[in-house]
Amino acid sequence: MKALLVVMSQADNTNGGLVLASLPMAKKTFGISNVTRHRDLPDDPRLIIVPPRMNYYIKENKRVNDIFREFVAEEDLQLYSIDESILDVTDSWGYLQTKYGHDLTLKGLARIIQLEVKQRLGLYLTVGIGDNPTMAKLALDLESKNNHSLIAEWHYEQVPDKLWSIHDLSEVWSIGRRTAKKLNQMGLCTMGDIALADPQYLMERFGVKGADLFALAWGVDRSRLSDKYQPKGASISNSQVLPRDYVQASEIKNVIREIGEQIAARLRAKGQACQVVHLYVGAALSESEPGFSGQISIDPTNRAKRIVGALYQLFDSQYDGQSIRHIGISVGKLIPDVAEQMDLFIEPTINIKEQTIEHVVDDIRHKFGTTAIVKLASTDNGGTMIDRAGLVGGHSGGNAYG
């Protein structure tokens with residue numbers, strides 16, 4: 001990978017384009033980084049500038065993951081991002097040893113997978129191996145890319161030596177620049193500092209994320225890929241690729257509100273209520289991390305106010321100031337909309353009035369179109385509802401109410 005190549009966006013709002021990705025040699029030779037603007041690139045004939053080809057990336061991603069499926073079951077494969085996947089080989093290890101020999105090691109298996117992908121697709125893989133998904137991700141990000149084999153293997157007993165000495169906290173998976181700055185201001189300048197900090201103190205300063213930071217510093221992750229979120233039974237979902245990178249939380253939450261209200265309207269149109277709300281927020285290509293997701297259980301509802309409130313709760317608990325380009329929302333555990341539990345802290349007449357207004361708005365939009373009634377917030381502050389109203393059949397994310 002010695003080519004001097006950068007992938008450059010061509011959006012009007014980036015003043016001529018923004019570097020989304022670049023090969024290591026281009027970074028080293030010209031000091032290029034992601035988010036470098038086109039006007040700041042050197043005028044050098046050796047520099048190759050290409051546009052992003054997302055459809056091609058998705059196609060290649062599928063081909064790579066089809067190879068991974070030859071080594072693990074579907075429930076043990078997680079497509080983490082456009083260029084990263086996580087494989088849990090625990091349950092398939094016996095089969096793999098039978099196929100490749102009982103002296104098979106994790107590094108040996110990683111090498112086999114690397115060669116399969118290289119021979120079939122011509123692609124090079126970097127591999128992180130760990131006792132859990134977090135450990136594997138840390139090994140991938142912090143070591144494998146610097147090893148000749150492009151493979152790194154981390155285990156719990158190695159955490160103090162391999163992880164605790166890291167000073168640039170923003171290099172560590174799931175720690176954004178703002179969180180790193182706040183940790184530094186608290187006197188926590190290395191991963192070792194976080195590991196030896198009082199977890200209660202971390203939770204007081206960061207909430208639930210404080211416990212996650214403490215676990216991260218020790219390499220602890222009790223999740224199983226087979227437990228990854230799957231909507232149970234019927235579900236309703238909607239997603240959008242944003243027209244540009246969104247940085248302001250108010251803009252991002254405005255789009256979350258729009259999508260949440262659309263999904264609530266679809267629930268009402270189907271005579272259903274949801275009991276689970278799931279939010280996915282995908283980071284822009286200029287960010288080092290892919291984003292975050294989460295879900296929350298709620299009392300059965302098809303009220304926009306309650307669904308959007310749950311989405312805001314999920315967003316506020318995890319957003320760390322990164323640039324965002326993709327938002328996805330789904331609701332699950334659907335039941336017939338027979339009767340909704342009233343909010344005891346709100347007057348019953350207010351509950352009834354809000355429900356009546358939502359149904360009236362639904363009727364008007366069904367008769368005259370989605371944009372017959374639009375909230376003022378959707379005309380500004382990053383709103384996308386009006387621009388997307390003309391999409392047919394919900395293509396590219398969809399916004400149909402039926």
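Residue numbers (the UniProt record's numbering): 1 to 402.
Glycine included, C-beta positions come from ideal geometry on N, C-alpha and C.
These numbers were taken from a predicted model, which means no experiment stands behind them.
Return the bridge partner residues of residue i from the DSSP annotation.
i	result
cysteine 274	Thr301
alanine 21	Val7
proline 336	Gln272
isoleucine 246	The sequence shown places tyrosine at residue 246, not isoleucine. Per DSSP, Ile324.
asparagine 238	Ile329
leucine 152	According to the sequence as given, residue 152 is alanine; it is not leucine. Looking at the DSSP assignment, alanine 152 forms a beta bridge with Gly128.
leucine 79	Ser85
Looking only at its chain, what residues have a beta carbon closer than 8 Å to the beta carbon of residue i, apart from the 5 residues adjacent to it on each side?
i	result
aspartate 221	Asn132, Pro133, Thr134, Met135, Ala215
tyrosine 57	Ile82, Asp83
leucine 202	Ile194, Gly210, Ala211, Leu213, Phe214
Quick one: measure Cβ to Cβ for residue i and residue j, integer angstroms, because I've assumed they're closer than 8 Å.
i	j	result
glycine 291	alanine 283	4 Å
isoleucine 324	leucine 242	7 Å
serine 92	phenylalanine 71	7 Å
asparagine 302	leucine 267	4 Å
isoleucine 151	valine 127	5 Å
leucine 311	glycine 260	5 Å
Determine the direct distance from the alpha carbon of residue j to that of residue i, and round the result to whole angstroms.
i	j	result
leucine 5	arginine 46	9 Å
leucine 87	glutamine 78	7 Å
aspartate 245	leucine 314	20 Å
threonine 36	proline 42	11 Å
tryptophan 218	leucine 138	11 Å
lysine 145	glycine 271	52 Å
arginine 205	leucine 169	17 Å
aspartate 66	tyrosine 124	16 Å
glutamate 289	proline 160	23 Å
glutamate 153	serine 223	19 Å
residue 478	arginine 111	As displayed, the chain neither begins before 1 nor continues past 402, which places residue 478 out of reach and without an answer.
leucine 140	serine 149	12 Å
glutamine 262	isoleucine 252	16 Å
valine 360	glutamine 318	35 Å
leucine 18	leucine 106	39 Å
glycine 101	glycine 94	10 Å
aspartate 198	arginine 39	47 Å
Got a sec? Which residues, its chain only, sit under 6 Å from residue i by beta carbon, not counting five neighbours each side?
i	result
arginine 257	Val308
Quick one: what's got a C-beta closer than 7 Å to residue i's C-beta in the same chain, skipping five residues either side?
i	result
leucine 104	Leu96, Gln97
valine 276	Gln295, Ser297, Val331, Gly332, Lys333
Applying the 10 Å Cβ sphere with the 16-neighbour rule, what's the burial state of residue i?
i	result
valine 172	buried
tyrosine 156	exposed
valine 7	buried
tyrosine 80	exposed
threonine 90	exposed
serine 33	exposed
aspartate 76	buried
serine 286	buried
residue 490	It is not possible to answer for residue 490, since the shown part of the chain is limited to 1 through 402.
arginine 63	exposed
asparagine 254	buried
lysine 28	exposed
histidine 278	buried
leucine 165	Looking at the sequence provided, one finds serine at residue 165 rather than leucine. Exposed.
isoleucine 175	buried
Closer than 6 Å: is that where the CB of residue i sits relative to any heavy atom of the ligand FMN?
i	result
alanine 152	No copy of the ligand FMN appears in this structure; indeed no ligand is present at all.
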